[in-house]
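Protein chains: 2
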Amino acid sequence: MTRERPGNPVALDPATRAVLADFSCRASEDAGTLQDCPVRNVLDRVGDKWSLLILITLSQRPFRFAALQREVGDISKRMLTQSLRMLERDGLVARQVFPTKPPAVEYSLTALGESALTPVAALVSWAAGAHDQIRDARHLFDAATP
Amino acid sequence: MTRERPGNPVALDPATRAVLADFSCRASEDAGTLQDCPVRNVLDRVGDKWSLLILITLSQRPFRFAALQREVGDISKRMLTQSLRMLERDGLVARQVFPTKPPAVEYSLTALGESALTPVAALVSWAAGAHDQIRDARHLFDAATP
DNA sequence: TCCTGCGGTCTACATCCGAGACTATATTCC
DNA sequence: GGAATATAGTCTCGGATGTAGACCGCAGGA
Numbered sequence: 001m002t003r004e005r006p007g008n009p010v011a012l013d014p015a016t017r018a019v020l021a022d023f024s025c026r027a028s029e030d031a032g033t034l035q036d037c038p039v040r041n042v043l044d045r046v047g048d049k050w051s052l053l054i055l056i057t058l059s060q061r062p063f064r065f066a067a068l069q070r071e072v073g074d075i076s077k078r079m080l081t082q083s084l085r086m087l088e089r090d091g092l093v094a095r096q097v098f099p100t101k102p103p104a105v106e107y108s109l110t111a112l113g114e115s116a117l118t119p120v121a122a123l124v125s126w127a128a129g130a131h132d133q134i135r136d137a138r139h140l141f142d143a144a145t146p
Numbered sequence: 001m002t003r004e005r006p007g008n009p010v011a012l013d014p015a016t017r018a019v020l021a022d023f024s025c026r027a028s029e030d031a032g033t034l035q036d037c038p039v040r041n042v043l044d045r046v047g048d049k050w051s052l053l054i055l056i057t058l059s060q061r062p063f064r065f066a067a068l069q070r071e072v073g074d075i076s077k078r079m080l081t082q083s084l085r086m087l088e089r090d091g092l093v094a095r096q097v098f099p100t101k102p103p104a105v106e107y108s109l110t111a112l113g114e115s116a117l118t119p120v121a122a123l124v125s126w127a128a129g130a131h132d133q134i135r136d137a138r139h140l141f142d143a144a145t146p
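Going down the list, the sequences are from chains B and A.
Quick note: this note's numbering has the first sequence finishing at residue 146, numbered continuously throughout.
Quick note: this note's numbering has the second sequence finishing at residue 146, numbered continuously throughout.
Written out as structure tokens, the structure is:
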């Protein structure tokens, strides 16, 4: 029984594969470098569950805090605040305070934030297309494991 | 100062924007539909922190359990097991058991899993490019908030 | 006057996650 | 022969993390 075979036959764009192969911030070298890994750093933000949703919502237009919470739907104020701070820190979202009587705060995407929309849209697009297959796979899996 | 303005002037591919606009599974309608939202369902998997890393690792070649853990580097057995189960359930990863004396288990990407690599690679590519700006933004932000 | 909306913060409670111990079998080393 | 190691996980415990909801000060509307 051979182990770690070359893999199943697939046709994947070599350039795409190369991009992924380049991402070598794994167990290589010492653990310290894991923290500095560019992809990991950024992917941690994406893997925030809420960050992605916020980015997508803000892609339509700027929102004020309460409106943003209503639009996303099921996010707590706490997590909305926290996620927005992180996105602001990373320069993806801009926070602008208007000195009206009850101060109004508007959140919008920066140019960098906008640039993230392209790959995010690719992901969303794939998700929409794959959803049926995933749903079927889940039912199959759940039926097989009582 | 007008509120909820049309947005800052940006040049984003209209098709890209349309994809995101289409994703309207937010607070619209009742909360029940949130659970069935295709994008949310799939994005939850992406937002798993480890799922994405596992997918990227498996894009190189199939791995056995322990080898996969070593390759990813800082994932616990617990989360590796859990994430792999979810990915298997969603039909992105295939689990094959070889009945050797200590059973060998090999994990590999399915066709569906391979198809996810294209948008994931786009994301990784963007992350690599944006990393410098993000790092600078973080330093700026941290310096401004003592 | 009371109530609502604004942008948050704070506090309890619940859930999740990581580290490490533990299983059982087979091979390797001394 | 006996100890050590590797295999693929499972289990448990303590700490981190997330959620729901109360609360705050201020302003406008009924």
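Even glycine gets a Cβ: it sits at the ideal position worked out from N, Cα and C.
Small disclaimer: the values here were computed from a predicted structure and weren't measured.
- By the neighbour-count definition (other C-beta atoms within 10 Å, threshold 16), T145 of chain A is an exposed residue.
- Bounds of the alpha helix (DSSP H) holding Q82 of chain B are K77 to R89.
- Taking 9 Å as the cut-off, the Cβ atoms of A94 of chain A and T118 of chain A do not count as close.
- Annotation for M86 of chain B: R45, D48 and S51 place their beta carbon closer than 8 Å to its own, counting only its chain and skipping 5 residues before and after.
- Identification of residues in the region 79-90 of chain A having a C-beta nearer than 8 Å to some C-beta of chain B yields E88, R89 and D90, given in sequence order.
- Between A121 of chain B and T16 of chain A, the CB-CB gap stays under 9 Å.
- Partner residues in the beta bridge of L109 of chain A, as assigned by DSSP, are A:V93.
- At a C-beta separation below 9 Å, V42 of chain A has these neighbours in chain B: L123, V124, W126, A127, A128, A130, H131 and I134.
- Think of a sphere of 8 Å around the beta carbon of F65 of chain B: no beta carbon from chain A falls inside it, the nearest being about 12 Å out.
- Taking CB atoms only, P102 of chain B has no neighbour in chain A less than 9 Å away.
- Contact of P119 of chain A with chain B is assigned, a C-beta pair being separated by under 9 Å.
- Here DSSP, grouped into helix, strand and coil, assigns R40 of chain B to helix.
- L52, L53, I56, T57, S59, Q60, R61, P62, F63, R64, A67, R70, E71, V72, G73 and D74: these are the residues of the region 51-76 of chain B whose beta carbon lies less than 8 Å from some beta carbon of chain A, given in chain order.
- Listed along chain A are Q60, each with a C-beta nearer than 7 Å to that of A21 of chain B.
- By the CB criterion at 9 Å, A66 of chain B and V42 of chain A fall outside the cutoff.
- For P38 of chain A, a Cβ of chain B is located within less than 9 Å of the residue's own Cβ.
- For the pair V124 of chain A and L92 of chain B, the CB atoms are not nearer than the 9 Å cut-off.
- If you look at P103 of chain A, you'll find it isn't in any alpha helix (DSSP H); DSSP assigns it neither H nor E.
- Chain-order list of chain B residues neighbouring A143 of chain A: empty, with the shortest C-beta distance near 11 Å, by a criterion of under 7 Å.
- Taking a 10 Å sphere around the C-beta of V97 of chain A, we find fewer than 16 other C-beta atoms and assign the residue as exposed.
- Membership of F23 of chain B in any alpha helix (DSSP H) is not indicated, and neither H nor E is assigned to it by DSSP.
- Looking at the DSSP output, F63 of chain B sits in a beta bridge with B:Y107.
- Counting only the Cα atoms, S108 of chain A lies some 18 Å from A18 of chain B.
- Of the residues assessed, T81 of chain A falls on the exposed side of the cut-off, its CB having fewer than 16 other CB atoms within 10 angstroms.
- Residue pairing from DSSP places F98 of chain A in a beta bridge opposite A:A104.
- DSSP places L52 of chain B in the uninterrupted alpha helix (DSSP H) bounded by W50 to L58.
- A straight-line Cα-Cα distance of about 11 Å links I56 of chain B and E71 of chain B.
- Taking C-alpha positions only, V39 of chain A is separated from L53 of chain B by approximately 10 Å.
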